[in-house]
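Asks: Read top to bottom, the protein sequences are chains A and B. Quick note, the first sequence lines up with residues 0 to 405 if you use numbering that gives the first Met the number 0. Quick note, the second sequence lines up with residues 0 to 246 if you use numbering that gives the first Met the number 0. Built from N, CA and C at the ideal position, the CB exists for glycine as well. Note that the structure is predicted; figures quoted are calculated from it, not measured.
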Amino acid sequence: MGLIDNLVKYVQHQNLPENKRAVFDAFIKKGFPTTKDEEWKYTSLKKVVKPDYNLFPKQSMIDNSVINKYSLGIKDKIVFVDGNLIYSPEINGVKITGFSDFDFGNTDVISELNSALAESGFTITVEKDTVVENPIEILFFNFTKNSFSQYRNRINVGENSKIKIIEIIQDLSESTTLVNHFTHVSCNKNTNVEYNKIQNNSKDSSLIDSMYIFQKQDSVCEVNTLIFGGRFIRNNLNFEQNGSNCESNMNGISLLDGNQFADNHTFVDHKIAHCRSNEMYKGIYLGNSKGVFNGKIMVRQDAQKIDAFQSNNNLLLSDNSTIDSKPQLEIYADDVKCSHGCTIGQLDEEALFYMRSRGIGVSEAKAVLTYAFASEVIENLSIPELKNLSQRLLAQKLNVDLNFSL
Amino acid sequence: MLKIKNLKAGIEEVQILKGINLEVKAGEVHAIMGPNGSGKSTLSAVIAGKEEYEVKCGSVDFLGEDLMDLDPEERAHKGVFLSFQYPIEIPGISVSNFIKTSLAEKRKALGLDPLPAKDLLKMMREKMELLSIKKGYLSRNMNEGFSGGEKKRNEIFQMAMLEPKLSILDETDSGLDIDALRIVANGVNKLKTKDNATIVITHYQRLLDYIVPDFVHVLHDGKIIKSGDKELALELEKKGYDWITKK
Numbered sequence: 000m001g002l003i004d005n006l007v008k009y010v011q012h013q014n015l016p017e018n019k020r021a022v023f024d025a026f027i028k029k030g031f032p033t034t035k036d037e038e039w040k041y042t043s044l045k046k047v048v049k050p051d052y053n054l055f056p057k058q059s060m061i062d063n064s065v066i067n068k069y070s071l072g073i074k075d076k077i078v079f080v081d082g083n084l085i086y087s088p089e090i091n092g093v094k095i096t097g098f099s100d101f102d103f104g105n106t107d108v109i110s111e112l113n114s115a116l117a118e119s120g121f122t123i124t125v126e127k128d129t130v131v132e133n134p135i136e137i138l139f140f141n142f143t144k145n146s147f148s149q150y151r152n153r154i155n156v157g158e159n160s161k162i163k164i165i166e167i168i169q170d171l172s173e174s175t176t177l178v179n180h181f182t183h184v185s186c187n188k189n190t191n192v193e194y195n196k197i198q199n200n201s202k203d204s205s206l207i208d209s210m211y212i213f214q215k216q217d218s219v220c221e222v223n224t225l226i227f228g229g230r231f232i233r234n235n236l237n238f239e240q241n242g243s244n245c246e247s248n249m250n251g252i253s254l255l256d257g258n259q260f261a262d263n264h265t266f267v268d269h270k271i272a273h274c275r276s277n278e279m280y281k282g283i284y285l286g287n288s289k290g291v292f293n294g295k296i297m298v299r300q301d302a303q304k305i306d307a308f309q310s311n312n313n314l315l316l317s318d319n320s321t322i323d324s325k326p327q328l329e330i331y332a333d334d335v336k337c338s339h340g341c342t343i344g345q346l347d348e349e350a351l352f353y354m355r356s357r358g359i360g361v362s363e364a365k366a367v368l369t370y371a372f373a374s375e376v377i378e379n380l381s382i383p384e385l386k387n388l389s390q391r392l393l394a395q396k397l398n399v400d401l402n403f404s405l
Numbered sequence: 000m001l002k003i004k005n006l007k008a009g010i011e012e013v014q015i016l017k018g019i020n021l022e023v024k025a026g027e028v029h030a031i032m033g034p035n036g037s038g039k040s041t042l043s044a045v046i047a048g049k050e051e052y053e054v055k056c057g058s059v060d061f062l063g064e065d066l067m068d069l070d071p072e073e074r075a076h077k078g079v080f081l082s083f084q085y086p087i088e089i090p091g092i093s094v095s096n097f098i099k100t101s102l103a104e105k106r107k108a109l110g111l112d113p114l115p116a117k118d119l120l121k122m123m124r125e126k127m128e129l130l131s132i133k134k135g136y137l138s139r140n141m142n143e144g145f146s147g148g149e150k151k152r153n154e155i156f157q158m159a160m161l162e163p164k165l166s167i168l169d170e171t172d173s174g175l176d177i178d179a180l181r182i183v184a185n186g187v188n189k190l191k192t193k194d195n196a197t198i199v200i201t202h203y204q205r206l207l208d209y210i211v212p213d214f215v216h217v218l219h220d221g222k223i224i225k226s227g228d229k230e231l232a233l234e235l236e237k238k239g240y241d242w243i244t245k246k
């Protein structure tokens with residue numbers, strides 16, 4: 000049995016309301032995307048949707064020591080275990096609740112499936128004029144064997160407010176699992192939102208993460224996607240600018256080894272004039288790993304004076320690793336500044352020798368140069384705990400005992 | 000300290016060094032001079048362990064060990080240091096991080112713990128003063144956007160931090176104005192002890208006014224064709240290389 004059959008059977012048991020049933024039926028009609036779909040040309044879901052996933056989460060307990068092991072040590076934590084919200088912090092001006100049903104029109108097939116079936120997730124509402132000083136850490140733990148989990152989250156940030164979030168999805172079931180993660184973010188007027196994702200999941204875990212961000216005027220939103228682990232990851236990151244003087248920033252690191260696969264699909268929709276977007280994705284590929292980058296920037300006809308920058312730099316550190324990188328710029332306005340760059344390369348041999356001649360061994364020298372390659376993204380992380388973790392994970396994945404922070 | 004015997008080396012089929020013999024003892028300063036293409040930089044690269052160069056025959060003994068059996072990093076751990084003619088730019092790594100890492104790796108190889116951060120900073124500050132290096136420099140990216148003089152000063156700064164036994168200064172004077180030259184040379188002189196040795200590779204006699212050599216060797220077509228004391232350098236300055244190479 001495939002996942003589709005499983006889903007159909009599951010839905011027969013659930014009493015879905017009619018509107019959700021319709022969305023689900025529409026999904027079944029289309030099915031999971033295949034490599035024939037332009038947006039999935041380089042990313043095959045075949046193996047991801049093949050296993051016999053369990054759609055019924057078990058109810059697990061979690062020990063605080065487990066939470067602490069995966070937490071960055073951030074004080075304000077939201078913790079989910081097998082889809083149940085077990086902890087949420089009290090913060091002035093911030094309302095945090097569990098799953099709430101919401102619909103916001105057409106998205107993509109996978110997100111439609113999410114909207115039909117998801118029963119778990121968070122809703123964060125930040126009142127206006129609220130500056131949340133400390134970051135909020137959101138942890139999703141899973142203990143259910145072979146689970147297919149769907150989380151549906153919503154963040155609404157009121158005018159003149161500011162918030163920073165770190166999100167970690169961690170599988171502890173030691174089995175093949177899949178997460179369909181969906182997050183909708185509303186950045187109201189003059190808000191500042193920073194969302195950080197640590198994607199360092201277990202070796203048999205797959206993740207499809209879709210994020211839809213809507214910005215009003217004078218808002219700044221930054222998303223940092225830090226990929227260090229997991230078997231299969233697809234990130235759909237979508238920004239829509241609906242007011243002037245918006246800024247959308249997205250940065251990413253992918254450090255993959257073995258048979259890992261990670262795909263970053265980004266889309267910035269510049270609908271209004273006088274806005275900016277900055278995009279910087281760095282990929283480092285070892286073993287047989289494979290990366291995909293697709294960066295779409297749309298500048299609508301009346302969106303003049305847009306300043307959009309995109310870069311995707313890749314290091315292939317093994318003979319068998321690959322990267323498919325595709326910048327996709329669609330510009331319908333005539334007075335804009337849009338630039339993009341894509342590079343694929345290896346480590347500089349001259350620099351390696353230079354470092355070795357200073358007593359730094361080959362693996363360490365390679366690691367330092369790799370860190371140097373990724374540093375533009377890592378050094379810009381505003382949360383010190385996150386920066387330290389990235390530095391540690393980079394050293395760990397490259398098998399060196401080096402401390403990059405100074 | 001260093002004994003080079005009948006060293007022949009080259010790149011692929013091209014033989015560049017055609018039988019070098021050289022002995023350097025602790026406490027000595029040797030200058031190697033010679034026209035372009037004579038093999039000066041190849042000699043320094045072979046000693047430092049650059050892998051494109053193939054050693055055909057001969058030996059390079061350093062403190063009783065054959066250097067040619069060692070990886071570049073192992074040579075550095077034993078105390079060999081090469082000041083690069085063209086130092087490499089490494090964007091994304093600060094000078095302090097680079098030096099911290101290389102010092103820690105050297106100490107690790109020698110079975111020592113890394114220097115405590117406080118001691119490391121103190122040492123950096125002392126050596127910076129020695130080379131008149133300004134404060135903000137440590138947080139700049141390694142050689143990125145450095146002027147020629149800054150790059151060379153950075154090389155000598157690393158040398159000061161790593162405290163090598165044998166330093167090879169490959170054209171350290173090129174790209175330096177007279178003030179920078181004086182500062183760099185002064186640094187090298189202050190780092191000199193009776194236990195370490197220096198090989199200065201240069202085109203011009205100018206540097207040797209500041210770093211006074213005990214021996215001067217003329218390299219031509221892959222061989223040392225003449226050796227003498229510092230007077231030889233003065234003579235070369237006056238007459239050029241022709242009078243020796245054409246013999």
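#1: Is there at least one Cβ from chain A nearer than 8 Å to GLY135 of chain B's Cβ?
#2: Could you run through the stretch 383 to 401 of chain A and flag, in chain order, every residue whose CB is less than 7 Å away from some CB of chain B?
#3: Return the residues of the stretch 328 to 347 of chain A that lie within a Cβ-Cβ distance of less than 7 Å from chain B, sorted by chain order.
#4: Contact criterion: CB-CB distance below 8 Å. Does THR100 of chain B meet it with respect to chain E?
#5: Apart from the five residues on each side of it in sequence, which residues of its chain come closer than 7 Å, Cβ to Cβ, to LEU392 of chain A?
#6: State yes or no: is the C-beta of SER114 of chain A within less than 8 Å of the C-beta of ARG153 of chain A?
#7: Rounded to a whole number of angstroms, what is the C-alpha to C-alpha distance between THR33 of chain A and ALA44 of chain B?
#8: Considering only the alpha carbon of each residue, which of A:VAL184, A:ASN195, A:SER174 and A:ARG233 lies closest to SER204 of chain A?
#9: Measure the alpha-carbon distance for LYS229 of chain B versus PRO86 of chain B and round it to whole angstroms.
#10: Please report the straight-line C-alpha distance between ARG299 of chain A and SER320 of chain A, rounded to a whole angstrom.
#11: What does DSSP give as the partner residues of ARG275 of chain A in its beta bridges?
#12: Can the beta-carbon of CYS274 of chain A be found closer than 8 Å to that of CYS220 of chain A?
#13: Are the beta-carbon atoms belonging to LEU180 of chain B and ILE200 of chain B less than 8 Å from one another?
#14: Tell me whether the stretch 370 to 386 of chain A and the stretch 110 to 125 of chain B touch, counting them as touching only if at least three CB pairs, one residue from each stretch, are closer than 8 Å.
#15: How is GLU146 of chain B classed by DSSP in three states: helix, strand or coil?
#16: If I follow the unbroken beta strand (DSSP E) through ASN223 of chain A, where does it start and stop?
#17: Are the C-beta of LEU81 of chain B and some C-beta of chain A separated by less than 8 Å?
#18: In terms of residue numbering, what span does the beta strand (DSSP E) encompassing VAL367 of chain A cover?
#19: Mind listing, in chain order, the continuous beta strand (DSSP E) runs of no fewer than 3 residues lying wholly within the stretch 193 to 240 of chain B?
#20: What is the DSSP secondary structure of GLY135 of chain B, counted as helix, strand or coil?
#21: Cα separation between ASP112 of chain B and ALA103 of chain B?
#22: Do you know offhand how far LEU251 of chain B's Cα is from ALA8 of chain B's?
#23: Using three-state DSSP, classify PRO71 of chain B as helix, strand or coil.
#24: Residues of chain B with CB closer than 7 Å to the CB of ILE359 of chain A, please, in chain order.
#25: Can you grab the Cα-Cα spacing for the pair HIS180 of chain A / PHE260 of chain A, in whole Å?
#26: If you follow the beta strand (DSSP E) that PHE23 of chain A is part of, which residue opens it and which one closes it?
#27: Select from B:TYR203, B:ALA75 and B:GLY221 the residue whose C-alpha is nearest the C-alpha of LYS237 of chain B.
#28: Return the chain-ordered ranges of every alpha helix (DSSP H) run that is complete within the stretch 315 to 355 of chain A and spans a minimum of 4 residues.
#29: Using the rule of at least 16 other Cβ atoms within 10 Å of the residue's Cβ for burial, across every protein chain shown, is HIS12 of chain A buried or exposed?
#30: What does the alpha-carbon distance come out to for the pair ILE132 of chain B and LYS365 of chain A?
#31: Using DSSP's beta-bridge definition, name the partner residues of VAL184 of chain A.
#32: Use the C-beta contact count for GLU132 of chain A: other C-beta atoms within 10 angstroms, 16 or more gives buried, fewer gives exposed.
#33: Along chain A, in chain order, which residues have C-beta atoms closer than 7 Å to that of GLN84 of chain B?
#34: Does THR122 of chain A come out as helix, strand or coil in the three-state DSSP assignment?
#35: List in chain order: all unbroken beta strand (DSSP E) runs of 3+ residues lying wholly within the stretch 69 to 152 of chain A.
#36: Is the Cβ-Cβ distance between VAL367 of chain A and LEU177 of chain A less than 8 Å?
Replies: This is what the structure holds:
#1: no
#2: LEU401
#3: none
#4: Absent here is chain E; the protein component of the structure consists of chains A and B.
#5: ASN199 and PHE227
#6: no
#7: 54 Å
#8: A:SER174
#9: 28 Å
#10: 36 Å
#11: A:GLU246 and A:ASP306
#12: no
#13: no
#14: no
#15: A quick correction: the sequence has Ser, not Glu, at residue 146 of chain B. Here SER146 of chain B sits in coil by DSSP.
#16: 219 to 228
#17: yes
#18: Taken as a continuous stretch (DSSP letters only), VAL367 of chain A belongs to no beta strand (DSSP E), being part of the alpha helix (DSSP H) at 361 to 377.
#19: 196 to 201, 214 to 219 and 222 to 227
#20: helix
#21: 7 Å
#22: Nothing in the structure corresponds to residue 251 of chain B, since chain B is present only between 0 and 246.
#23: helix
#24: GLU72, THR100, SER101 and GLU104
#25: 17 Å
#26: It is not in any beta strand (DSSP E) - PHE23 of chain A instead sits in the alpha helix (DSSP H) that spans 17 to 29.
#27: B:TYR203
#28: 348 to 355
#29: exposed
#30: 28 Å
#31: A:ILE154 and A:ILE212
#32: exposed
#33: By Cβ distance, chain A contributes nothing, its closest Cβ being about 12 Å from GLN84 of chain B, past 7 Å.
#34: strand
#35: 75 to 80, 83 to 86, 93 to 96, 122 to 125 and 135 to 141
#36: no
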